[in-house]
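Some notes on the structure that comes next.
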Amino acid sequence: MSVVEAAGLTYHPISPKFGAELTDAVLLDLHDDEVESLQQLAAERGVVVVRDQSMTVHQQAEFAHRLGPLTTYPVRDKDVPSELLVIHADENSKNVAGSKWHTDISSEERPPSLSMLRMEVVPSSGGDTLFCDMYQAFESLSPEMQRFLKRLSARHDPKGHHLYLSGAKTLRELPSQIHPVIRTHPRTGRNALYVNSGFTARIQDVTRGESDALLAMLFDHIIQGLNFQIRVRWEPNTVVFWDNRVVQHHAAWDYYPQVRHGYRATSIGEIPYLATH
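In numbering that gives the first Met the number 0, the protein residues as written are 0 to 276.
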């Protein structure tokens, strides 16, 4: 496996263009310039995996603050900081959060930029997370389709099972948001496909039938995009960062009735935009 060094961080590419696994990194010991390099690496390669990171929930929250302002969640456990969302499934779970392709909370005005998920308890097998590169999803479309999609925007609706993300009590407290179908990453300047089956409800300014057909085509393009997907297998104390601006993910629900338990922090991003130059 090849080794690449970038701004003080050494990593193995998970696939030629997508994903990176850091080697010999201790997150809690990173200097500010190395944290900046971590964010740049996530922007360029979408997903960054770091193994064997022993830390408390408070240390995780403290580190996550170095990535920018964080989303906060209703406090359900006084021992868990409000910046961390508990990710848990066991023998009593009927389903698992994130069991369809999505980017985190795209129905927000300023959707998350980076997500940081650390797993403490993992099943003996299964429970992987799949990731899909939206840079390549966009770039693999025909030039004419790319030009067409750049003219479009889409409505992203909140879902009932995501109410806890903003602490809202009713769906009315979570308005829909309109975002460009193609967005530009502020760090790389590259364009990425920005519709997902978890939140994107409708393409604006076309008929319902046209919207349904176009979204079905794009969602199928993501599902079938094996050449720009990776699969991350969790181990205890694995930390994975992903850039929601250019990555979708899908949690595999194949380990019932085993336990999977971890904590996620998400940094607040910018309002999505498409650069016109």
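Glycine included, every Cβ here is placed at the ideal spot set by N, Cα and C. Keep in mind that this is a model prediction, so the values were computed, not measured.
Member of the options whose CA lies at the smallest distance from the CA of residue i
{"i": "residue 123", "options": "250, 234, 100, 274", "result": "234"}
{"i": "residue 145", "options": "119, 187, 191, 114", "result": "191"}
{"i": "residue 250", "options": "53, 29, 87", "result": "87"}
{"i": "residue 102", "options": "218, 61, 274", "result": "218"}
{"i": "residue 113", "options": "99, 49, 67", "result": "67"}
{"i": "residue 23", "options": "10, 16, 34", "result": "10"}
{"i": "residue 109", "options": "276, 274, 137, 270", "result": "270"}
{"i": "residue 224", "options": "83, 240, 140, 31", "result": "140"}
{"i": "residue 188", "options": "149, 55, 81, 276", "result": "276"}
{"i": "residue 255", "options": "34, 125, 116", "result": "125"}
{"i": "residue 229", "options": "214, 247, 213", "result": "247"}
{"i": "residue 214", "options": "237, 181, 226", "result": "181"}
Neighbour flag for residue i against chain B, beta carbons, 8 Å
{"i": "residue 127", "result": "Protein chain content of the structure displayed is limited to a single chain, and chain B is not contained in it."}
Residue i versus residue j: straight-line alpha-carbon distance, rounded
{"i": "residue 263", "j": "residue 76", "result": "14 Å"}
{"i": "residue 186", "j": "residue 244", "result": "11 Å"}
{"i": "residue 19", "j": "residue 39", "result": "12 Å"}
{"i": "residue 119", "j": "residue 72", "result": "20 Å"}
{"i": "residue 65", "j": "residue 200", "result": "33 Å"}
{"i": "residue 174", "j": "residue 156", "result": "7 Å"}
{"i": "residue 105", "j": "residue 79", "result": "25 Å"}
{"i": "residue 138", "j": "residue 148", "result": "12 Å"}
{"i": "residue 279", "j": "residue 70", "result": "Since the first and last residues shown for the chain are 0 and 276, residue 279 lies out of range."}
{"i": "residue 33", "j": "residue 41", "result": "12 Å"}
{"i": "residue 183", "j": "residue 265", "result": "19 Å"}
Expected contact under 8 Å - CB spacing of residue i and residue j to nearest Å
{"i": "residue 29", "j": "residue 37", "result": "7 Å"}
{"i": "residue 231", "j": "residue 130", "result": "7 Å"}
{"i": "residue 121", "j": "residue 83", "result": "At roughly 17 Å, the Cβ-Cβ gap does not stay under 8 Å, so residue 121 and residue 83 are not in contact."}
Residue range of the unbroken beta strand (DSSP E) whose run includes residue i
{"i": "residue 242", "result": "237-242"}
{"i": "residue 20", "result": "19-21"}
{"i": "residue 200", "result": "199-202"}
{"i": "residue 153", "result": "152-155"}
{"i": "residue 142", "result": "Premise fails: residue 142 lies in the alpha helix (DSSP H), 142-149, not in any beta strand (DSSP E)."}
Limits of the alpha helix (DSSP H) - the one that residue i falls within
{"i": "residue 218", "result": "207-222"}
{"i": "residue 37", "result": "31-44"}
{"i": "residue 119", "result": "First-last for residue 119: 111-120, but that is the beta strand (DSSP E), not the alpha helix (DSSP H)."}
{"i": "residue 276", "result": "Looking at the DSSP string, residue 276 is not in any alpha helix (DSSP H), and its letter there is neither H nor E."}
{"i": "residue 58", "result": "56-63"}
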